[in-house]
């Protein structure tokens with residue numbers, strides 16, 4: 157999308173900060189409309205649409221957190237949401253992203269960072285559905301010694317993961333691999349919180365880590381995470397972003413398809429963009445299964461919608477029903493795995 161056609165609604169009550177941000181965005185060729193508080197932003201969104209809303213946190217009448225929540229709930233074709241604020245603690249960042257913001261920038265933010273955040277949000281929001289409905293079939297492999305559960309999430313994902321993962325029953329033959337879009341600090345904080353909430357070990361992936369059953373491995377920031385079969389272990393990649401993000405779910409899902417074949421379950425949660433779509437194709441082509449979070453329960457339904465748009469066989473489950481359904485599915489796969497000869501093919 158050409159930068160000149162991008163429209164940005166800027167909600168900022170400080171005149172100096174608002175003017176500086178306006179100049180930065182105008183110089184990048186974007187259309188900018190300024191308002192002074194959340195109420196004015198919500199009223200403006202009722203009259204016309206924008207590609208991106210950049211909002212301060214602390215504002216009169218309605219703050220940025222409440223604005224993000226109400227935009228998600230009340231604006232049908234809502235813009236991508238970027239929180240830009242001086243409240244830059246890890247707790248504040250997690251709170252902002254948990255309230256529906258797609259990205260978070262601390263003040264003062266470099267002009268380049270502001271422009272890249274806006275352009276990245278637009279690119280993900282407008283990413284077309286992948287045109288291929290059939291990924292190259294993975295090489296026929298012997299199964300790894302566990303069922304692979306792959307989970308992908310983006311906007312709104314941390315809150316769903318906090319509800320889902322502590323309620324999962326994995327068992328000794330099931331390993332969960334999670335890709336949540338976000339920067340390193342956010343993913344480190346996510347793992348700390350999940351470690352306190354879950355009864356099984358939760359860790360950030362690292363090259364050489366050997367997965368086993370009854371554990372959760374989360375992709376770290378700024379690296380794709382894949383599973384290798386020989387030798388068995390996690391490998392982190394610094395290759396180019398996929399679907400405008402790194403970590404991305406597609407590389408992980410492709411690797412799980414190649415390693416675990418039909419003993420793979422992919423779960424696509426709420427999120428902006430199209431990540432996970434082609435990865436679920438690879439998993440289905442390898443004989444695995446796909447679940448998606450019910451779009452009506454998503455903060456951003458784009459990622460589950462991609463699975464639907466690709467016409468892939470899948471189950472659509474409301475957020476409250478995900479944990480019991482996933483637990484039942486992986487338990488069934490685990491029983492099948494136990495009956496499969498050690499050197500049998502997974503596909």
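Residue numbers (our numbering): 157 to 503. Backbone N, C-alpha and C fix where the C-beta goes; we use that ideal spot for every residue, glycine too.
Under the three-state reduction of DSSP, which class applies to residue i: helix, strand or coil?
i           : result
residue 453 : helix
residue 396 : coil
residue 265 : coil
residue 505 : This structure gives no information on residue 505, because the portion of the chain shown stretches from 157 to 503.
residue 436 : helix
residue 458 : helix
residue 483 : helix
residue 225 : helix
residue 425 : coil
residue 405 : helix
residue 368 : coil
residue 467 : coil
residue 446 : strand
If I measure Cβ to Cβ from residue i and keep anything under 7 Å in the same chain, skipping five residues before and after, which residues do I get?
i           : result
residue 428 : 236, 258, 280, 281, 310, 311, 456 and 458
residue 351 : 358
Name the one or two DSSP bridge partners that residue i has.
i           : result
residue 333 : 306 and 373
residue 390 : 383
residue 239 : 211 and 260
residue 190 : 166
Whose C-alpha, out of the options, is nearest the C-alpha of residue i?
i           : options               : result
residue 343 : 322, 207, 246 and 269 : 246
residue 192 : 440, 207, 164 and 211 : 211
residue 362 : 384, 448 and 349      : 384
residue 390 : 360, 330, 201 and 213 : 360
residue 380 : 387, 215, 401 and 479 : 401
residue 346 : 366, 316 and 482      : 316
residue 382 : 351, 415 and 205      : 415
Run the CB neighbour count on residue i, radius 10 Å, all protein chains shown included, and call it buried at 16 or more, exposed below.
i           : result
residue 233 : exposed
residue 168 : buried
residue 395 : exposed
residue 296 : Unreliable placement is indicated for residue 296, whose pLDDT of 44 sits below 50; no coordinate value is reported for it.
residue 172 : exposed
residue 403 : buried
residue 476 : exposed
residue 214 : exposed
residue 460 : buried
Below 6 Å CB to CB, which residues in the same chain sit around residue i once its five sequence neighbours on both sides are set aside?
i           : result
residue 353 : 322
residue 336 : 309 and 313
residue 357 : 371
residue 255 : 221, 224 and 225
residue 470 : 446, 448 and 463
Spatial neighbours of residue i within its chain, please: C-beta separation below 8 Å, excluding the five flanking residues on both sides.
i           : result
residue 340 : 376, 377 and 378
residue 285 : 430, 433, 462, 465 and 466
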